[in-house]
Amino acid sequence: HPVGASGVGQVIEIYHQLRGEAGERQVKKTDPTVGVTHNVGGTGGTCVVNVLRRES
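Counted the way full-length UniProt numbering counts, the sequence shown spans residues 1 to 56.
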């Protein structure tokens, strides 16, 4: 799978989740405020973690 594109896709999904715009994929928690992504590239030589928070 395209590693960079997978990570970008994760961030976009969290963005939609935090805004309540994920449709059928929306998490059950009411009014989420924090989301986390984790992506590992190659054989584990690259690891990226993003923490996103929705401002109130």
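Every residue, glycine too, gets a C-beta built ideally from N, C-alpha and C. All figures in this text were calculated on a predicted structure; none of them were measured in a lab.
{"Item": "Sufficient close CB pairs (3 or more, under 8 angstroms) joining the stretch 7–25 to the stretch 37–56", "Value": "yes"}
{"Item": "For R54, the three-state DSSP class (helix, strand or coil)", "Value": "coil"}
{"Item": "For H16 and G41, the rounded distance between their alpha carbons", "Value": "24 angstroms"}
{"Item": "Proximity winner among A5, N39, P2 and E21, relative to D31 (alpha-carbon distances)", "Value": "E21"}
{"Item": "Proximity to G35 [Cα-Cα], best of A5, E55, P2 and G4", "Value": "E55"}
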